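Asker: Residues in the sequence shown are numbered from -15 upward in steps of one, following this note's numbering.
First, the structure itself, so that you have it in front of you.
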Amino acid sequence: MKNIIAALLLIVSLTAAAQKGSVKGVIYDKANGEPIPYATIKLTGTDFGAATDDHGVFNIPNIPEGEYELQITYVGYENHIEKVDVKKGKTVNLRIFISQTSVELQSVEISAEKQRQRTETRVSVTSITPMEMRRLPTIGGEADIAQYLQVLPGIISTGDQGGQIVIRGGTPIQTKFLFDGITIYNPFHSIGLFSVYETDIIKNVDVYTGGQPAQYGGRISAVVDVTTRDGNQKKFSGKVSASPFAAHALLEIPVVKIKEERNLSASLILNSKVSYLDRTSKVLYQYADKNGLPYNFYDVYGKFTLNAGRGNKFTVSGFNFRDNANFNAAKYGWNTFGVGATFLAIPKNSNLSFNTHVSYSEYEIKLTEADGKPRRSKIGGFDIGMDFAYYIKNGEVKYGLNVEGSRTEFEFINNYSQRYEQNQNTTDIGAYFMFHKYVKKFVVEAGARFQYYGNIGAFSPEPRLSIKYNVHDRVRLKLASGLYSQNFISTKSDRDVVNLFNGFLTGPDEAPVDATGKLYDKIRNMQRSVHAIFGIEVDLPKNITLNIEPYYKYFWQLLNINRYKQFNSDPNYLIEKGNAYGIDFLAKWEWKGLYLYGTYSLAWTNRNDGVQVYAPHFDRRHNVNLLASYTFAKKKDWEVSLRWNLGSGFPFTQTQSFYENLSFNNGISTDYTTDNGNLGIIYTKEINGGRLPYYHRLDFSIKKVFDIKGKVKIELNASVSNIYNRKNIFYFDRVTYNRVNQLPVLPSLGVSFSF
């Protein structure tokens, strides 16, 4: 009986849908053919509407038969009206090109961001555009996501040199970094001002500081998802730039030019950047280090895009990034490359779309210290999967399946001459389901992910839920929660203060123990966490926006490499637990050419190894970021930017005493009365019981743009990092008893030429 009723309901729903039609299509920038994400689409006089996705695609299903006016609005573009005639059981397929406005927009009643705030849960997620990144002071002449991430609430950087991004208490390995769907194992160069993501090719960045939805798996803290532009499909264009830090070149080639009357188009985008700071600093910044700043890197990226039909797209992208640092005490370097392909298909008369992806990326890092003991880590992995989206009125259903395989290689010798090695292959399978719907004042996104880790035979069901309630047009409440897991662990320890060696391991075959020696089941090798987040969004008059989010992350299974192993019988890995909780505040205000932005984070992070509860080295209690940007002059071709950051001191383990550490190279025959040993250090029993001084830094930049007949742009910029030359501590060398500071004041001049 139940089956009969279900079948009848299905027939009724399909019959009802057949009595209605749909409108879908793609929105393009008329100037360059680039798809426009997050544009607002609305059938005037109705409650039917949608927003374009990352690919510029929209779909409005279940529309009653009739003639309508389709209105497209997007900030900085002319409003566009398109007449459509909806027929029963038919789909209207559109390709719409909209033009940039020549009139400055002081206020916009309908914007993509406001539409997303009302129709998406948007809990602990920030979407960043290149325009927003360029509002920061352009250190070294280039805006970079590595600098912008640091001003987001809940995110801290552990330093200017070798700094890593920590997101709400999660270590770097617990954050998933994506580049056009390809996994990036280390996105930051050893000088912490630059990432591998080039701003000029970025279309959008979604940063999930917690509560990430079900399509993301394999990490227990956060996600940074970067998508790139397709490249100019109308004309050959590019950009070259140079500064004392680096040189950059970008080319955009329309292989098959896009035309409104033709469905087929293709484009190629090529990008490269090379740093020569290790050479220029010997002349310009010798005061920072008499030997110069020992950092250099180069990045190469390419992407080919083929558009066929209304929304169908095939892309192939690839990259190679290298980084090197040559210190007096160590030589350090890593190399990563990757390639990926995607195929987005949008059937002509269906409310279903699907995206097939395949990718492979590899990362290898090496560190050789003065003692000659090498450290090496290598990981390579593939990802194959399909993602489906079915559009319903005021919502959508998403589901997908992916298979990931990886191989890890690791070699390390600790201070007790104990060798660690791993050569392991694993295959993981993930599947997810999501339901998104907004009705009147409620927005609900419910889903689940199912993850299987092959090498440890562990299955992880992970429910996810996100809800928003629009209390008022200007006030919104939201919450999110979910379970998360990952099979990767870091070669770094949460107790390390300075450690550039950032390698990867998969969950080991052996059963872990805690600091007391208690043995756990092998399934504990899967790291796990649970998130709980609450938030409130408030839109005040005069374009002031406030966002407040208290959060709690419980890391109830964490693995750390046992750096204190002294004998072969000692375990290689230790299991711990942890917490991260706090509250983040964000406020921003835009008025004419003025943009003010401020964040404050109050946070606690701790780890429990079974013996004591300690704060990891990245635990920062207070973090403040203030940003101001002002565009002025008649043509709005001048801009000044300021950014000030204040952070409370990081914890460290204090020194208790020193002793002479004898090697006993001759065994019992060693004459300890005449043998000279090394300086040994005895640390206090309490881990990270001390606190370093506060960190603060002010950055400034000013730029001028020369627009030559709308065809060529020349930008001159001057910037100063750490403008008042604050001596922020990097670390304290306990052996030489010297304090090592972060980067001093660094002025820079840059020029770019765009055509």
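Think of the CB as a built atom: it goes at the ideal place given N, C-alpha and C, for glycine as much as any other residue.
Predicted model, so just to flag it, every value in this text is computed and none were measured.
For K537 versus G153, is the C-beta spacing smaller than 8 Å?
Answerer: yes
Asker: Report yes if the CB atom of N335 is closer than 8 Å to the CB atom of N43, and no otherwise.
Answerer: yes
Asker: Please classify K362 as buried or exposed, where buried requires at least 16 other C-beta atoms within 10 Å of its C-beta.
Answerer: buried
Asker: From which residue to which residue does the alpha helix (DSSP H) around Q131 run?
Answerer: Where Q131 is concerned, the enclosing alpha helix (DSSP H) stretches over I129 to L133.
Asker: When DSSP builds the beta bridges, which residues end up paired with H456?
Answerer: V459
Asker: Ends of the beta strand (DSSP E) at E699?
Answerer: V696 to S705
Asker: Return yes when the Cβ of A35 is within less than 8 Å of the Cβ of A198, no when it is not.
Answerer: no
Asker: Whose C-alpha, out of V423, E393 and N333, is nearest the C-alpha of T105?
Answerer: V423
Asker: Give the DSSP-derived three-state secondary structure of T159 in the structure shown.
Answerer: Of the three classes helix, strand and coil, the one that applies to T159 here is strand, per DSSP.
Asker: Leaving aside the five residues before and after G661 along the sequence, list all residues of the same chain whose C-beta is less than 6 Å from its C-beta, in chain order.
Answerer: E644, N645 and L646
Asker: Under a three-way DSSP split, which group does P114 fall into?
Answerer: helix
Asker: Once DSSP output is grouped into helix, strand and coil, what is the label at T105?
Answerer: Assignment of T105 by DSSP, reduced to helix, strand and coil, places it in the coil class.
Asker: Any contact of the segment 608 to 627 with the segment 164 to 180, i.e. 3+ C-beta pairs under 8 Å?
Answerer: no
Asker: Taking the straight line between their C-alpha atoms, what separation do you get for R100 and T500?
Answerer: 50 Å
Asker: Which of the three DSSP states, helix, strand or coil, is assigned to R681?
Answerer: In the structure shown, R681 sits in a strand (DSSP, three-state: E or B).
Asker: Once you ignore the five residues that flank S256 on each side, which residues in its own chain have a CB closer than 6 Å to its CB?
Answerer: Answer for S256: A233 and V284, listed in chain order.
Asker: Mind checking who R433 pairs with in its DSSP beta bridge?
Answerer: Y416 and E446
Asker: Quick one: which unbroken alpha helix (DSSP H) runs of 4-plus residues sit fully inside the segment 486 to 512? Chain order, please.
Answerer: none
Asker: What residues match up with H39 in a beta bridge as DSSP calls it?
Answerer: In the DSSP output, where bridge partners are listed per residue, H39 has none listed.
Asker: Give the DSSP bridge partners of A231, in chain order.
Answerer: BP columns for A231 point to A226 and V258.
Asker: Which residue comes first and which comes last in the beta strand (DSSP E) that contains I665?
Answerer: N662 to Y667
Asker: Assuming contact is defined by CB atoms lying nearer than 8 Å, are M117 and T193 in contact in what I supplied?
Answerer: Going by C-beta atoms, M117 is not nearer than 8 Å to T193.
Asker: Here's a check: name, in chain order, each residue in its chain whose Cβ is nearer than 6 Å to the Cβ of P731, leaving out the five neighbours to either side.
Answerer: V704
Asker: Specify whether the segment 564 to 571 and the segment 627 to 642 touch according to this definition: at least 3 beta carbon pairs, one from each stretch, less than 8 Å apart.
Answerer: No: fewer than three Cβ pairs fall under 8 Å.
Asker: Quickly, what does DSSP pair T529 with across the bridge? List them, please.
Answerer: D523 and K572
Asker: Consult DSSP for V595 and reduce its assignment to one of helix, strand or coil.
Answerer: coil
Asker: Hey, S249 and Q217 are a contact pair by Cβ (cut 8 Å); roughly how many whole angstroms apart?
Answerer: 5 Å
Asker: Below 6 Å CB to CB, which residues in the same chain sit around I413 once its five sequence neighbours on both sides are set aside?
Answerer: V387 and Y436
Asker: Look at I242 and G17 and say whether their C-beta atoms are less than 8 Å apart.
Answerer: yes
Asker: Take V189 as the anchor and find which of A430, N319, D37 and I349 has the nearest alpha-carbon.
Answerer: D37
Asker: Does DSSP classify D554 as helix, strand or coil?
Answerer: coil
Asker: Taking the straight line between their C-alpha atoms, what separation do you get for G33 and A587?
Answerer: 39 Å
Asker: Out of curiosity, what's the CA-to-CA distance linking I671 and F163?
Answerer: Looking at the two C-alpha atoms, the distance is approximately 37 Å.
Asker: If you compare alpha carbons, which of I140, F178, H64 and G60 is closest to N583?
Answerer: Contrary to the premise, residue 583 reads as Thr rather than Asn in this sequence. It is I140 whose Cα lies nearest to the Cα of T583.
Asker: Let me know if Y504 comes out buried or exposed under the rule of 16 or more other beta-carbons within 10 Å of its beta-carbon.
Answerer: exposed
Asker: Which residue marks the beginning of the beta strand (DSSP E) containing E62, and which one marks its end?
Answerer: Per DSSP, E62 belongs to no beta strand (DSSP E) and is neither H nor E.
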